[in-house]
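Peer 1:
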Amino acid sequence: MSKNLYYQGIDAALAEHDKAASTAKITGYQALTPAEVTAYKASAGVVFNQANALEQICIQQYINYFKNNNEAWALVKRTGYPSVNGNLFKAEVFTSSGSVLEMPRRFSIARPFPTNMNAENINKAIDDMINIPGFGTPNDIRGRVWWDVQ
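Heads up, the sequence shown is in the working numbering, so the first residue is 828 and it goes up one at a time.
(1) Between the region 967 to 975 and the region 926 to 942, are three or more C-beta pairs nearer than 8 Å?
(2) Can you give me the C-alpha to C-alpha distance between Gly-872 and Asn-879, rounded to a whole angstrom?
(3) Keeping to the same chain, check which residues put their C-beta closer than 7 Å to that of Leu-859; ignore five residues upstream and five downstream.
(4) Ignoring anything shorter than 4 residues, give me the alpha helix (DSSP H) runs that lie fully in the region 892 to 922, in order along the chain.
(5) Scan the region 938 to 970 and note each continuous alpha helix (DSSP H) run of 4 residues or more that stays entirely inside, going in chain order.
(6) Inspect the beta-carbon positions of Ser-910 and Ala-901 and report whether they are closer than 8 Å.
(7) How about Tyr-834 and Phe-875: are their beta carbons less than 8 Å apart?
(8) Answer with buried or exposed for Asn-891, where buried requires no fewer than 16 other C-beta atoms within 10 angstroms of its C-beta.
(9) When burial is assigned at 16 or more other CB atoms within 10 Å of the CB, is Gln-883 buried or exposed?
(10) How many Å lie between Ile-957 and Asn-895 at the Cα?
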């Protein structure tokens, strides 16, 4: 069943993006042919393999999220794919001054201004989260969120 759903997802994503490109009248764009879709699905790393099914599904979903970077980020945080150690698609390693940069786990959380009518509740929620192991400080982008389990 997962094999059929995997291929249906690829077909749906390709059809959606093909239609968007055609509708936008992108200069030089030619609509996908059924043969091109078939060739893509038969290419190495795309053809369904039960041993790599989770990674394949996540990578196809990641590709489909190219227009929605927040969903792509959440997918990586939830699943770990794509991974720098992946079998099919290796995630890029980002560095700064020779040091490897980690992907942020979450956005920093700003304390509300005292004039915010809900400041008391917001501050209490932040204080409660600080007590969660691994949360860190409000401005720690490497701290965990409630769904980011170890």
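Just so you know, even glycine gets a beta-carbon here, dropped at the ideal spot from N, CA and C.
Peer 2: So, to answer that:
(1) yes
(2) Counted from its first residue, the sequence shown places residue 872 at position 45. Counted from its first residue, the sequence shown places residue 879 at position 52. Computed Cα separation, rounded: 9 Å.
(3) Here the question's residue 859 lines up with position 32 in the sequence shown. Within the same chain, Leu-859 has close Cβ partners Leu-841, Asp-845.
(4) 896 to 906
(5) 946 to 957
(6) Here residue 910 is taken as the residue at index 83 of the sequence shown, counted from 1. Here residue 901 is taken as the residue at index 74 of the sequence shown, counted from 1. No. Outside cutoff.
(7) Position 7 of the sequence shown, counting from 1, holds the residue named residue 834. Position 48 of the sequence shown, counting from 1, holds the residue named residue 875. In this structure, Phe-875 lies closer than 8 Å to Tyr-834 by Cβ.
(8) Translated into positions along the sequence shown, residue 891 becomes position 64. By the 10 Å Cβ count, Asn-891 comes out buried.
(9) For this step, residue 883 is matched to residue 56 along the sequence shown. Label assigned to Gln-883: buried.
(10) Locating residue 957 in the sequence shown gives position 130, where the first residue counts as 1. Locating residue 895 in the sequence shown gives position 68, where the first residue counts as 1. In a straight line, the C-alpha of Ile-957 is about 29 Å away from that of Asn-895.
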